[in-house]
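J.:
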Amino acid sequence: MTIELSRIPLFAGLSGVQMEMLAKQACNHFAPRNTVIIAEGEESDSLYYIERGEIKIYVSDEHGREMLLDVLGPGDYFGELALIDAAPRSASVMALEKVQVSVIFRGREMAHIQEGRRVMEGVIQELEEFGKVESAPQ
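Just so we're aligned, residue 9 is where the sequence shown starts under the numbering used here, counting upward by one.
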């Protein structure tokens, strides 16, 4: 498994230890061609990192017709917002060929990382209020 968490903006700023912890949590999942990996509207709790193969991301209109949003391949990822919130999946994902993905589930490790980020954001906000640091341009 060669999951490169540093390529995912959600994990920008994590320490090497935190990234290792998340990478160790990842599990492999294999899907044959034409398998729906994620269905639009289902519960979300995981990020997928594509190791091998290609997938398509699509939504269905009110008549059931597919509207293609993107095609992704090795090194790409999808489902990252599920690690932050528990909103239903906004699109479906299907394997275009045999696919291997690494899956990271929202869990204890993510909770620790999110809590650490909230603490750091709070510290930065307090420092900004006291004029100790300048806020980053928006």
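Glycine residues also receive a C-beta, built at the ideal position from the N, C-alpha and C atoms.
1) For Phe19, which residues of its own chain have a beta-carbon under 6 angstroms away from its beta-carbon, when the five flanking residues on both sides are left out?
2) Apply the 10 Å Cβ neighbour rule to Ala34 and answer buried if 16 or more other Cβ atoms are within range, or exposed otherwise.
3) On the DSSP letters alone, give me the boundaries of the beta strand (DSSP E) that Leu80 sits inside.
4) For Leu55, write down the residues that DSSP places opposite it in a beta bridge.
5) Are the beta-carbon atoms of Phe97 and Glu51 separated by less than 9 angstroms?
6) Look at the alpha carbon of Arg41 and the alpha carbon of Gly21, and state the distance between them as a whole number of angstroms.
7) Rounding to the nearest angstrom, what Cα-Cα distance links Gln26 and Lys32 in this structure?
8) Just verifying my parser: in three-state terms, what is the DSSP assignment at Ala31?
9) What residues match up with Lys106 in a beta bridge as DSSP calls it?
T.: Let me lay it out:
1) Counted from its first residue, the sequence shown places residue 19 at position 11. Within the same chain, Phe19 has close Cβ partners Leu13.
2) By 1-based counting over the sequence shown, the position of residue 34 is 26. Classification of Ala34: buried, given that the 10 Å Cβ count is 16 or more.
3) On the sequence shown, position 72 is the one that residue 80 refers to. Its beta strand (DSSP E) spans residues 74-80.
4) Reading the sequence shown from its first residue, position 47 is the one you call residue 55. According to DSSP, which records beta bridges pairwise, Leu55 is partnered with Ile112.
5) Residue 97 sits at position 89 when you count from the first residue of the sequence shown. Residue 51 sits at position 43 when you count from the first residue of the sequence shown. Going by the sequence as given, residue 97 is Arg instead of Phe. Contact: yes.
6) Position 33 of the sequence shown, counting from 1, holds the residue named residue 41. Position 13 of the sequence shown, counting from 1, holds the residue named residue 21. Distance between the alpha carbons of Arg41 and Gly21: 35 angstroms.
7) Your numbering for residue 26 matches position 18 in the sequence shown. Your numbering for residue 32 matches position 24 in the sequence shown. If I take the Cα positions, the gap works out to 10 angstroms.
8) What you label residue 31 is simply residue 23 of the sequence shown in a count that begins at 1. Helix.
9) Translated into the one-based positions of the sequence shown, residue 106 becomes position 98. Note: Lys106 sits in no beta bridge, so no partner.
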